[in-house]
Structure formats: structure tokens, C-alpha cells
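K.L.:
Structure in C-alpha cells, see below.
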Amino acid sequence: MLKIQSMIGLAVFDVEDGKQLGKIHDFIVHEDWSVYGFELEGKGLFSLQVRTVKWEDVVSFGSDAIMIRNQQAVRQTAADDIKHTFLIGNRKLKELPVLTSDGAMLGYVSDVYFNPELGKSITGIEISDGFISDLIGGRKWLPISDQIAFGESAIMTPVASDQRLKECL
Numbered sequence: 000m001l002k003i004q005s006m007i008g009l010a011v012f013d014v015e016d017g018k019q020l021g022k023i024h025d026f027i028v029h030e031d032w033s034v035y036g037f038e039l040e041g042k043g044l045f046s047l048q049v050r051t052v053k054w055e056d057v058v059s060f061g062s063d064a065i066m067i068r069n070q071q072a073v074r075q076t077a078a079d080d081i082k083h084t085f086l087i088g089n090r091k092l093k094e095l096p097v098l099t100s101d102g103a104m105l106g107y108v109s110d111v112y113f114n115p116e117l118g119k120s121i122t123g124i125e126i127s128d129g130f131i132s133d134l135i136g137g138r139k140w141l142p143i144s145d146q147i148a149f150g151e152s153a154i155m156t157p158v159a160s161d162q163r164l165k166e167c168l
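For the sequence shown, position 117 matches number 116 in numbering that gives the first Met the number 0, and the numbering has no gaps at all.
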């Protein structure tokens, strides 16, 4: 399994020409807990368009770079068309509170796990309960199920989700 946070900043190359096309700036995620693709570093700070690559255009990935099929895989996407991201933006996952439906706070999203070899499905969310708690007890992760949903301001989980928390990988 990979953590999305560890892939931010990786170089992106096209395999046809061997040209570096940029670095990963953020990941785009869907409400069905899948990785749609990623954003590349932009040229303009206040641009209404961002350069994106769909996950299905990824040929391979390693610890140092992501390889995509060609330069045509990089698309201009309206920033307003991107609903959820991992790291940046109004609807980002990172640091969202994770709550049970009965109002218990599990912590905040610190990372997202996915196994690219199994497709683009997100398999779990890493939860932090604060710096001191992380030091004492370590971070936990919650496996994704169809009962876990994106809310407007929080990730909503079923009652007793705290019993499903696992030690971080």
C-alpha cells in the first residue's frame, strides 16, 4: 500500500519521450473513495485551469518518479470542476475531522492509503488525534467501507468505528 502524502512532489515523466512534465502537486479523489488522478505543479498562482493526469494514464510508478503514457495525457482542467483533493483547496481531505454518526471524534485525516496494483480504490484513511497522542499511542488507520462518507465539513463513519481502527502500517 502507498500513502498519497509520500507521492506528493514526485517527478512525472512521459515514457514516449522521456521528458519530465512536472511534479505531483496534489491528488484528485472521488466521493466513491477512488483516486481519479493528480494535479501537476502549475505555472500561475491564480490560474483558473490546472494541469491534471487521470490515474488510468499512469504506466508505472516508483519511489522516485511516476511514468505516464505521453504528453497528451496531461490535460487542462477547470479548477472549479475538481470537487475533492487530498492536500489543497476548499474540499480537501487532509485535516478533515473524522466523526462517527453518534458524534464521537476519531481524529483528523492525516493521510490516505491506496494500493495502485489493485486499481485506484482508496483502502484506508490514516487518522491523527494530535501530536502528543500520535507520540504516545501512534497514528491509526481506518479501512474504507461503503458506510464511510464525505460530508460537507467532515468524514462521517458508522457508530463504533473506533473499534475498527488499526495500527498504522
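Don't be surprised by glycine CBs; every beta carbon is placed ideally from N, CA and C. The structure displayed is predicted, hence computed values, not measured ones.
1. Please give the ranges of any beta strand (DSSP E) in the stretch 96-162, keeping only runs that are unbroken, at least 3 residues long and fully inside the region.
2. Where does the unbroken alpha helix (DSSP H) through Q4 begin, and where does it stop?
3. According to the Cβ coordinates, are Y107 and S127 closer than 8 Å?
4. Between L141, V158 and S152, which has its C-alpha nearest K165's C-alpha?
5. Can you name, in chain order, every residue of its own chain whose Cβ lies under 8 Å from the Cβ of I121, other than the five neighbours on each side?
6. Return yes when the Cβ of D13 is within less than 8 Å of the Cβ of R68, no when it is not.
7. Please state the DSSP three-state secondary structure of D13.
8. Does the beta-carbon distance from V52 to G36 come in below 8 Å?
9. Mapping the DSSP letters down to three states, classify D25 as helix, strand or coil.
10. Going along the chain, which residues of its own chain have a beta-carbon closer than 8 Å to the beta-carbon of S100, five neighbours each way excluded?
11. Measuring only the C-alpha atoms, how far is D25 from Q162?
12. In the DSSP assignment, find the unbroken beta strand (DSSP E) run with R50 in it and report its ends.
P.N.:
On the basis of the coordinates in this document:
1. If we require 3 residues or more, the beta strand (DSSP E) runs fully inside the stretch 96-162 come out as 96-99, 104-113, 121-127, 139-142 and 154-156.
2. Bounds of the alpha helix (DSSP H) holding Q4 are I3 to M6.
3. Cβ atoms of Y107 and S127: closer than 8 Å.
4. L141 is the residue among L141, V158 and S152 whose C-alpha sits nearest the C-alpha of K165.
5. Residues of the same chain with a CB within less than 8 Å of the CB of I121, apart from the 5 flanking positions on each side, are V28, W32, S33, V34, V111, Y112, F113 and I143 in chain order.
6. In this structure, D13 lies closer than 8 Å to R68 by Cβ.
7. Judged by DSSP in its simplified three-state form, D13 adopts strand.
8. For the 8 Å CB-CB criterion, V52 and G36 form a contact.
9. In the three-state DSSP reduction, D25 falls in the strand class (E or B).
10. The beta carbon of S100 lies closer than 8 Å to those of M155, T156, P157 and V158 in the same chain, with the five residues before and after it left out.
11. Between the C-alpha atoms of D25 and Q162 there is a straight-line separation of about 31 Å.
12. It spans Q48 to K53 - the beta strand (DSSP E) in which R50 sits, taken as one unbroken run.
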